[in-house]
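Going by our numbering, the residue at position 79 of the sequence shown is 79; the numbering climbs one at a time, nothing skipped.
In what follows, a structure is listed as structure tokens, so that the remarks can point back to it.
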Amino acid sequence: MLCNWLVAFFCFEYKWASRGWTLERRIEHFESRWAYFAGLPCTALAFAFPIFLSAGFFAMLFPVYIIMANRASPSPKPSEAVRYTLWPERMAIFSIPSRVNNAILSALCGPRRARRQ
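In structure tokens:
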């Protein structure tokens, strides 16, 4: 599942960068639509075939997914869509990496600079 999210984030990163979105907006968009981004089957091929074949499939499919991500229209916000009670509205996928990053920046640069990041 984490590999699917990582590949999805990389695919949509090109679209978000061309739109000029900040990192905070990208993360908020990604975490509020986590179920949508988990649906990329590109990384599922990595577990179905030997590593050499799966690397080849990934190399062929990744550019296609980038093109599809650029052509995708944004899904409705969770407040506008039907609310489901079985899963959370927003999943904090990047909370642990953000905390680790902030701790490292605080240790290296001091607490003032790490809070601005």
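Beta carbons: idealized from backbone N, C-alpha and C, even for Gly.
With C-beta atoms as the reference, is A8 less than 7 Å away from F37?
Position 8 of the sequence shown, counted from the start, is the residue given in the question as residue 8. Position 37 of the sequence shown, counted from the start, is the residue given in the question as residue 37. Result yes, Cβ atoms of A8 and F37 sit closer than 7 Å.
Going by alpha carbons, who is nearest to E31 out of I51, M60, M91?
Numbered from 1 along the sequence shown, position 31 holds the residue referred to as residue 31. Checking every option, the nearest Cα to that of E31 belongs to M91.
For M91, name the three-state secondary structure that DSSP assigns.
Within the sequence shown, residue 91 is the residue found at index 91, counting from 1. Three-state DSSP puts M91 in coil, outside helix and strand.
With 16 other Cβ atoms within 10 Å as the buried cut-off, status of C3:
Position 3 of the sequence shown, counting from 1, holds the residue named residue 3. That one is exposed.
Please list the terminal residues of the continuous alpha helix (DSSP H) segment that includes R26.
Here the question's residue 26 lines up with position 26 in the sequence shown. Going by DSSP, R26 is part of the alpha helix (DSSP H) stretching over 23 to 32.
Taking just the CA atoms, how far does C11 sit from P63?
As a position in the sequence shown, residue 63 is number 63, starting the count at 1. As a position in the sequence shown, residue 11 is number 11, starting the count at 1. Cα-Cα distance, rounded: 8 Å.
Residue range of the alpha helix (DSSP H) that includes S18:
Numbered from 1 along the sequence shown, position 18 holds the residue referred to as residue 18. Where S18 is concerned, the enclosing alpha helix (DSSP H) stretches over 2 to 19.
Skipping 5 residues on each side, what residues in its chain have a beta carbon closer than 8 Å to that of A107?
Along the sequence shown, read from residue 1 onward, the residue named residue 107 stands at position 107. If we look at A107 and ignore the five residues flanking it on each side, it has no Cβ neighbours.
Separation of L23 from L61, as counted between CA atoms
Start at 1 with the first residue of the sequence shown, and residue 61 comes out as number 61. Start at 1 with the first residue of the sequence shown, and residue 23 comes out as number 23. Rounded to the nearest angstrom, the two C-alpha atoms are 26 Å apart.
Measuring CB to CB, does W34 end up less than 7 Å from R26?
Locating residue 34 in the sequence shown gives position 34, where the first residue counts as 1. Locating residue 26 in the sequence shown gives position 26, where the first residue counts as 1. The Cβ-Cβ distance between W34 and R26 does not fall below 7 Å.
Quick one: give me the first and last residue of the alpha helix (DSSP H) that A55 is part of.
Mapped onto the sequence shown, residue 55 falls at position 55. Unbroken alpha helix (DSSP H) run through A55: 51 to 71.
Please report the straight-line C-alpha distance between N102 and C109, rounded to a whole angstrom.
Working through the sequence shown from its first residue, we reach residue 102 at position 102. Working through the sequence shown from its first residue, we reach residue 109 at position 109. Distance between the alpha carbons of N102 and C109: 10 Å.
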